[in-house]
Every structure is written in C-alpha cells, then in structure tokens.
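Quick notes on the structure that follows.
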Amino acid sequence: MKITLVKKILPDGSPCAKCRDVEQKLEENSQLQFIDQTLIADMRDPQSLGLQVAQKYQVERAPFFIVEQEGQEAEIYTVYFKFAKEVLRPLIEVEAP
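Numbering (our numbering), first residue to last: 1 to 97.
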C-alpha cells in the first residue's frame, strides 16, 4: 500500500490552514509514519505535481489522501477522519503488539 498526502499552498504563498490542521493531527496521533509521499498543490504554479494529481483525480479540496494498492484503483479521501478510520486504524492495529 502506498499513501500520498496532497496539501495546498495558497496564492499568497502560505500553507492552507486545513492542511496544517490535518498534518498536526497526523503528527499527534503518530500516523505520519504511514504517509509514503507528500505532494504540494501550489496555487501559484499550475504545473506543480500536487495540482496535476488533483486534476487527474478531479479533486478540488485539500488536503486529500490517495491510497494505492496493487491491482486496485486508487482510493481518494478528502476527509481526514474517514481516512484515519478506514485506512490508518487498521494499519495501527496490525502494528500494535
């Protein structure tokens, strides 16, 4: 499984507040270790990788998560709590002794 976090940089160069909040939740809950890649959707640069990925998956909200598993279509999560419950919780339960 590969998990990608896509977060946004606003036109004035500042990080989006919701992206900061979600990243803080990931850190507080020791979930950041499960994120394989972070892409930046830079609103100042239409060619930024994060914006290209957002366009590919037709996502207009940030942050969002892309969950890729071999042989399956990528799943997109735009809500942190749903992502944490459906994807991260099972991973954490597997790692718990």
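Glycine included, every Cβ here is placed at the ideal spot set by N, Cα and C.
Contact belief for residue i with residue j at Cβ below 8 Å, rounded distance in angstroms
i	j	result
Ile-87	Ile-76	Rather than Ile, the amino acid found at residue 87 in this sequence is Val. With a Cβ gap of about 11 Å, Val-87 and Ile-76 do not count as contacting.
Leu-39	Val-22	In fact, because the Cβ distance is near 14 Å, the residues do not count as touching under 8 Å.
Asp-36	Lys-2	5 Å
Cutoff 8 Å: residue i Cβ touching any chain D Cβ
i	result
Lys-8	Among the chains in the structure shown there is no chain D, since it carries only a single protein chain.
Delimiting residues of the beta strand (DSSP E) encompassing residue i
i	result
Ala-41	37-42
Residue i - DSSP class collapsed to helix/strand/coil
i	result
Leu-10	coil
Glu-68	strand
Tyr-77	strand
Pro-46	coil
Same chain, Cβ closer than 8 Å to residue i, five either side skipped, listed in chain order
i	result
Asp-45	Leu-51
Of the listed residues the options, nearest to residue i (C-alpha basis)
i	options	result
Gln-33	Asp-12, Gln-47 and Leu-5	Leu-5
Host alpha helix (DSSP H) of residue i (start-end)
i	result
Cys-19	17-28
Same chain only: Cβ atoms within 7 Å of residue i, ignoring 5 sequence neighbours per side
i	result
Lys-25	Tyr-80
Cys-19	Lys-7, Lys-8, Ala-62 and Pro-63
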